[in-house]
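Undergrad:
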Amino acid sequence: MSNTETPAEGWRSLLEVEDRGIEPIPASEQTSGPAELFWIWFAGNISILGIPLGIWVVAGELNFWQALIAGAVGAVASFAIVGIVSITGQRGGAPTLTLSRAAFGTRGNYLPTFVAILSRWGWETVNTVTAAFAAISIGTIIVGSELTPHSHPWIAIVAVLLFLALTLTVSGVGHQMLAVFQKWATYIFGVLTLVVVGFIVAKVDWSMVLSAEAGSWGTVLMGISVVASATGIAWANSGADIGRYQSKKVSPATLILTCAAGAGIPLIIMIGTGSLIAITNPEFDAGNPLASIPALLPAWMSIPFLISAFAGLLLSNNISVYSSGLTLLTLGLKVRRIVAVAADLMVSLVGSMVFLFLFESFYDAFIGFITLLAIPLTAWLGVFLVDMIKRTTYRSDDLLDMTSRSAYWYKGGFEVRVLASWLVALGAGYLFKFALPDSFIAQQGLEWLVALLVSGLLYLALGGAKGAGVKE
-3 MSNTETPAEG
7 WRSLLEVEDR
17 GIEPIPASEQ
27 TSGPAELFWI
37 WFAGNISILG
47 IPLGIWVVAG
57 ELNFWQALIA
67 GAVGAVASFA
77 IVGIVSITGQ
87 RGGAPTLTLS
97 RAAFGTRGNY
107 LPTFVAILSR
117 WGWETVNTVT
127 AAFAAISIGT
137 IIVGSELTPH
147 SHPWIAIVAV
157 LLFLALTLTV
167 SGVGHQMLAV
177 FQKWATYIFG
187 VLTLVVVGFI
197 VAKVDWSMVL
207 SAEAGSWGTV
217 LMGISVVASA
227 TGIAWANSGA
237 DIGRYQSKKV
247 SPATLILTCA
257 AGAGIPLIIM
267 IGTGSLIAIT
277 NPEFDAGNPL
287 ASIPALLPAW
297 MSIPFLISAF
307 AGLLLSNNIS
317 VYSSGLTLLT
327 LGLKVRRIVA
337 VAADLMVSLV
347 GSMVFLFLFE
357 SFYDAFIGFI
367 TLLAIPLTAW
377 LGVFLVDMIK
387 RTTYRSDDLL
397 DMTSRSAYWY
407 KGGFEVRVLA
417 SWLVALGAGY
427 LFKFALPDSF
437 IAQQGLEWLV
447 ALLVSGLLYL
457 ALGGAKGAGV
467 KE
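Residues -3 to 468 (my numbering) make up the sequence shown, in order.
(1) In angstroms, rounded to a whole number, what distance separates the CA positions of A98 and A39?
(2) Taking the alpha helix (DSSP H) that I51 belongs to, which residues open and close that run?
(3) What separation, rounded to the nearest whole angstrom, lies between the Cα atoms of F430 and I371?
(4) Looking at C-beta atoms only, is the number of pairs between the region 156 to 165 and the region 121 to 133 that lie closer than 8 Å three or more?
(5) Just checking: is the beta-carbon of A71 within a distance shorter than 9 Å of some beta-carbon in chain B?
(6) So the candidates are Q440, A403, G452 and V78; which of them puts its Cα closest to the Cα of L462?
(7) T326 and N105: beta carbons closer than 9 Å?
(8) Hey, could you find the ends of the alpha helix (DSSP H) M204 is sitting in?
(9) Would the beta-carbon of V192 fall within 9 Å of that of I44?
(10) Residues in the same chain with beta-carbon distance under 6 Å from I77, minus the five sequence neighbours each way, listed in chain order, please.
(11) Pick out the complete beta strand (DSSP E) segments inside the region 233 to 258, 3 residues or longer, and give them in chain order.
(12) How about S115 and I315: are their beta carbons less than 9 Å apart?
(13) Please give the ranges of any alpha helix (DSSP H) in the region 142 to 191, keeping only runs that are unbroken, at least 4 residues long and fully inside the region.
(14) Report yes or no: do the region 435 to 446 and the region 216 to 228 share at least 3 C-beta pairs separated by less than 8 Å?
(15) Apply the 10 Å Cβ neighbour rule to V382 and answer buried if 16 or more other Cβ atoms are within range, or exposed otherwise.
(16) Could you tell me if M(-3) is buried or exposed, where buried requires 16 or more neighbouring beta carbons within 10 angstroms of its beta carbon?
(17) In the DSSP output, what is S28 paired with across the bridge?
(18) Suppose contacts are defined by Cβ-Cβ distances below 9 Å. Is P474 in contact with G88 by that definition?
(19) Quick one: Cα of D201 to Cα of M297, how far?
(20) Would you mind working out which of A73, A274 and G378 sits nearest P48, comparing C-alpha positions?
(21) Do you know how far the Cα of I265 is from the Cα of A210?
(22) Cutting at 7 Å between CB atoms, please list the residues of its own chain near V216, excluding the five before and the five after it.
(23) Please report the distance separating the alpha-carbon of S147 from that of I299.
(24) Given R333, which residues of its chain have a CB within under 6 Å of its CB, disregarding the five upstream and five downstream residues?
(25) Residue range of the alpha helix (DSSP H) that A464 falls in?
(26) How should A12 be labelled, buried or exposed, when 16 other C-beta atoms within 10 angstroms of its C-beta is the threshold for buried?
(27) What are the partner residues of F306, as DSSP defines its beta bridges?
(28) List the endpoints of the continuous alpha helix (DSSP H) containing F551.
(29) Taking V78 as part of the alpha helix (DSSP H), name the residues at either end of that continuous run.
(30) Identify, in the order they occur along the chain, each residue of the same chain with its Cβ nearer than 6 Å to the Cβ of P108, setting aside the five sequence neighbours on each side.
(31) How big is the Cα-Cα spacing for A226 and G50?
(32) Which whole-angstrom value describes the C-beta separation of T323 and I113, a residue pair presumed to lie in contact below a C-beta threshold of 8 Å?
(33) Quick check on F436: does DSSP put it in helix, strand or coil?
(34) Since F410 sits in a beta bridge, which residues does DSSP pair it with?
(35) Contact between the region 345 to 357 and the region 67 to 74 is defined here as three or more beta-carbon pairs at a separation below 8 Å; is this criterion met?
(36) On the DSSP bridge list, what partners appear for R387?
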């Protein structure tokens, strides 16, 4: 709200639906500052459910300090990459995967964009299902007997619909609502989360923590890989979606530092807390934190914890769905942005109902499947990062022109060097994943890093970005 706006005008502005889709934002409308980015990414990572990540890191037999190093390096470095991608949003004013047309070609870009939307749908379904289980757990505490989706389906259905409706309210209305909601929700639920963390830390046996033996530094490397791939790397293709409203006055270094700090601070707190739990409670079930974490809290804190878990999932889902709506438009869906968001949420609705009522036992396998998508996504990221070295501007009209007249048409709509780099990187990543599972790279979970480096270095060797927007 500006200084000249009345409160009523401010509310009308906040509730006005953002109609701008993937068309680039003119510089005159790029008025946001770095604080906006900070709060959006802080909110998306404040969830108490980040604690299991710290537990999984310690499962590799690290001590507390090593786990903290792995968490800090993995989270901060990976979200610095999100900040780098945000620079392209500031330069071109368009969503990440729309800008990706400049690298892959207007037709070739369909391939990584399709992989990106599959990954987003997967994680949004996981968010929705987990939020439903949080609501069911609240019901269990209130009535004093165990509730399940099958015994009380109406609770699960209402929880899913509420979660998706709240997401639509934020992501559907648009960027300004997202920025304001994430900031104020962080104040409320961030404090609640810190209270939960405080109760957990207060019960820690520090003698056990300080006497825990150190693991190998190879295991620390694996911990960094786990954290990076589960946090910033998973969000990289949303960087420009969130950063495209940033003012040209904001320096690239500020964008990078803002994203790294905004997400890094809450993630370090959550991962550190998780590592303390793992060291002092070796039998803790990280696979079911909604049931396991309340056991560490006073009975009266169970419901506030579950509410904060529900809210944390919502704050993360808001960013994902906003980004997904833009990705669907990039794929060619010819509708208003809010309709694309609603279509995305329909996929989450169907997926969550399937997992809640039909194939609940396939939950882990499904997460495994969408984790596999990290390899093609990081292969895309390697190309995209190298492309932006030379490509300092983007032609707005050509980004939207899907005909042969576009400067990004290349050969039949494909940039052959980019696609070759991407496909070779896919092969390299999956080679270690499936054919060489006992190799150092596979054992440390570094297949995604191989894909990123192979695609980027090969594209660089082939000359990097060429064509419109390239600074010679």
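Backbone N, C-alpha and C fix where the C-beta goes; we use that ideal spot for every residue, glycine too.
Since this is a predicted model, take the numbers as computed values, not measurements.
TA: Result, derived from the coordinates:
(1) Rounded to the nearest angstrom, the two C-alpha atoms are 31 Å apart.
(2) First-last of the alpha helix (DSSP H) with I51: I47 to V54.
(3) Cα to Cα, the separation comes out at about 12 Å.
(4) Under the Cβ criterion (8 Å, minimum of three pairs), the region 156 to 165 counts as touching the region 121 to 133.
(5) This model lacks chain B altogether, as it is built from one protein chain only.
(6) Checking the displayed sequence, the identity of residue 462 turns out to be Lys instead of Leu. Minimum Cα distance to K462 is reached at A403.
(7) A contact, by the Cβ cut-off of 9 Å.
(8) Where M204 is concerned, the enclosing alpha helix (DSSP H) stretches over W202 to S207.
(9) Contact: yes.
(10) Answer for I77: G228 and A232, listed in chain order.
(11) Within the region 233 to 258, no complete beta strand (DSSP E) run reaches 3 residues.
(12) Their beta carbons are not under 9 Å apart, which means S115 does not touch I315 by this criterion.
(13) List check, alpha helix (DSSP H) in window: 149 to 163.
(14) In short, these stretches touch, since the Cβ pair count reaches three.
(15) Buried.
(16) Interpretation of M(-3) is limited by its pLDDT of 48, a score under 50 that renders its predicted location unreliable; no figure is taken from the coordinates.
(17) Note: S28 sits in a beta bridge opposite Q242.
(18) Since the first residue of the chain shown is -3 and the last is 468, residue 474 is not available in this structure.
(19) Distance between the alpha carbons of D201 and M297: 20 Å.
(20) Nearest of A73, A274 and G378 to P48, Cα basis: A274.
(21) Take the alpha-carbon of A210 and the one of I265: they are about 20 Å apart.
(22) Excluding positions up to five away in sequence, the list reads L58, Q62, I65 and A66.
(23) If you take the alpha carbons of S147 and I299, they lie about 21 Å apart.
(24) If we look at R333 and ignore the five residues flanking it on each side, its Cβ neighbours are G17 and G321.
(25) For A464, there is no enclosing alpha helix (DSSP H), as DSSP gives it neither H nor E.
(26) Going by the sequence as given, residue 12 is Glu instead of Ala. Result: exposed.
(27) Note: F306 sits in no beta bridge, so no partner.
(28) No information on residue 551 is available, as it lies outside the stretch -3 to 468 that the chain covers here.
(29) For V78, the uninterrupted alpha helix (DSSP H) run begins and ends at F60 to G88, by DSSP.
(30) Taken in chain order, the residues that qualify are W376.
(31) Each residue's alpha carbon lies about 11 Å from the other.
(32) The pair is a contact, with the Cβ atoms about 5 Å apart (cut-off 8 Å).
(33) In the structure shown, F436 sits in a helix (DSSP, three-state: H, G or I).
(34) Residue pairing of F410 in beta bridges, as defined by DSSP: K407.
(35) No contact exists between the region 345 to 357 and the region 67 to 74.
(36) Per DSSP, V466.
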